[in-house]
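Student: Residue numbers (the UniProt record's numbering): 1 to 222. For glycine and all other residues, C-beta sits at the position ideal for the given N, C-alpha and C.
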Ligand code: BEZ
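1. Kindly indicate the opening and closing residues of the beta strand (DSSP E) around residue 90.
2. Just list the alpha helix (DSSP H) runs in the stretch 25-91, keeping only unbroken ones of 4 residues or longer that don't cross its boundaries, in chain order.
3. Can you tell me which of the three DSSP states residue 214 falls into?
4. Between which two residues does the alpha helix (DSSP H) holding residue 181 run?
5. Quick one: Cα of residue 140 to Cα of residue 90, how far?
6. Taking 8 Å as the cut-off, is the CB of residue 48 close to at least one heavy atom of the ligand BEZ?
7. From the DSSP secondary-structure annotation, give me the bridge partner or partners of residue 143.
8. Does the Cβ of residue 36 have 16 or more other Cβ atoms within 10 Å, making it buried, or fewer, making it exposed?
9. Bridge partners for residue 23 per DSSP, in chain order?
10. Checking the sheet assignment: what are the DSSP bridge partners for residue 99?
11. Between which two residues does the beta strand (DSSP E) harbouring residue 111 extend?
12. What's the C-alpha gap between residue 79 and residue 150?
13. Under 9 Å, do residue 100 and residue 71 count as touching if we go by C-beta distance?
14. Residue 115 and residue 147: beta carbons closer than 9 Å?
15. Please classify residue 12: is it buried, with 16 or more other beta-carbons within 10 angstroms of its beta-carbon, or exposed?
16. Taking 8 Å as the cut-off, does the stretch 199-212 touch the stretch 176-183 (at least 3 CB pairs, one atom from each stretch)?
17. Examine the Cβ distances between the stretch 151-167 and the stretch 57-69 and report whether three or more of them are shorter than 8 Å.
18. Tell me whether residue 33 is buried or exposed, calling it buried when 16 or more other Cβ atoms sit within 10 Å of its Cβ.
19. Does the ligand BEZ have even one heavy atom less than 8 Å from the beta-carbon of residue 132?
See the structure below:
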């Protein structure tokens, strides 16, 4: 059975965290986007670099109205000790977001964050490096699903957030092309006619001249 995926409502789980008990739906305040991201285990190399990197990007996410929520299968006391290592690894970094604890691994199953190949010493599956970007409507907008061997690129997480926010701001009338970065042109969605596009984008748009002459690849400033 496929697990949690884009378009699904994030389960309203209640878990202990480094900042007290968290009920996921309550954590997502009105208008908030939330990034829920898992790590295989505390005190492991890639996870430590990822957590430090995420802490370094926290202000950028906050500026965009995005809250961060980590989860790993170890307990809260372990997380709190691990945070000392994370902050020491990148001096000047403060880990300001909560890390939830999932010692019985029930939450990672419901959140589709189980790595089928990575197991702990007892043979129990560890979390993968999953990251769900959840919208204010509590639905999953975008997911990363990485194995333990591959640390995530926080620039790409931020870029994905900027893309989602741009599309949402324009009510789905624009999308962002390959390798897009904020400040670059977006593309006009296929459901928008040229006539509607002229009204929506007073500065106009440019249509790529392609062999099919279908005029579907239209760039506009956003
Ligand atoms: C790591 O963070 O380096 C790691 C964690 C679990 C399994 C493999 C690698």
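Tutor: Looking at the atomic coordinates:
1. Looking at the DSSP string, residue 90 is not in any beta strand (DSSP E), and its letter there is neither H nor E.
2. Within the stretch 25-91, the runs of alpha helix (DSSP H) that reach at least 4 residues and sit entirely inside it are, in chain order, 45-63, 76-89.
3. Coil, per DSSP.
4. Careful: residue 181 lies outside any alpha helix (DSSP H) and carries neither H nor E.
5. One C-alpha to the other measures close to 30 Å.
6. Short note on residue 48: C-beta closer than 8 Å to some heavy atom of the ligand BEZ.
7. Note: residue 143 sits in a beta bridge opposite 132.
8. In this structure residue 36 is buried. Its beta-carbon is surrounded by 16 or more other beta-carbon atoms within 10 angstroms.
9. 14, per the DSSP bridge assignment.
10. Bridge partners of residue 99: 70.
11. It is not in any beta strand (DSSP E) - residue 111 carries neither H nor E in the DSSP assignment.
12. Each residue's CA atom was taken as its position, placing residue 79 and residue 150 some 21 Å apart.
13. Their beta carbons are under 9 Å apart, which means residue 100 touches residue 71 by this criterion.
14. Taking 9 Å as the Cβ cut-off, residue 115 and residue 147 qualify as a contacting pair.
15. Label assigned to residue 12: exposed.
16. By the C-beta criterion, the stretch 176-183 is judged not to be in contact with the stretch 199-212, since fewer than 3 inter-stretch pairs fall below 8 Å.
17. Because the criterion of three Cβ pairs below 8 Å is met, the stretch 151-167 and the stretch 57-69 touch.
18. Buried.
19. No; taking the cut-off as 8 Å, the Cβ of residue 132 has no heavy atom of the ligand BEZ nearer than that.
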